[in-house]
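Residue numbers for the sequence shown follow our numbering, so the first one is 525 and each next one is one higher.
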Amino acid sequence: MRLQTDPTVIYGLGEKFDGNLRRTDLERDGPYNTYTRGGLPPTPIALPGAASLRAAVQPDVRGELFFVATGEGDGRHAFSKTLAEHEAAVRRYLVRYRQQHSKGR
């Protein structure tokens, strides 16, 4: 199973990332694109803090394989155990995203 995580793709885009990750970004191959390549990216994409290092050594094992931002603007994420749960969370995120971005039009 590929990692398929947006932050690695965003990191790979560098300064080209304008805040909007597009399907074309996810489909364009590159060393940091975990949608098109198996395994981990060639280098870390962030410097982990102490809490992240503790979590890696002593993970809270709950069986969640998937995550997506909640879209509530507070940095939280929705974690899911199954692909169906994840797809529902992505739909909720997209509804929030579209509502927030259609207000300015």
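Ideal Cβ placement from N, Cα and C applies to all residues, glycine included.
Check	Outcome
So what does DSSP say about Ala613, is it helix, strand or coil?	helix
Val592 and His601 - do their beta-carbons sit closer together than 8 Å?	yes
Just how far apart, CA to CA, sit Tyr559 and Thr567?	16 Å
Considering only residues of the same chain and omitting the five flanking positions on each side of Pro565, which have a CB-CB separation below 6 Å?	Thr532, Tyr556
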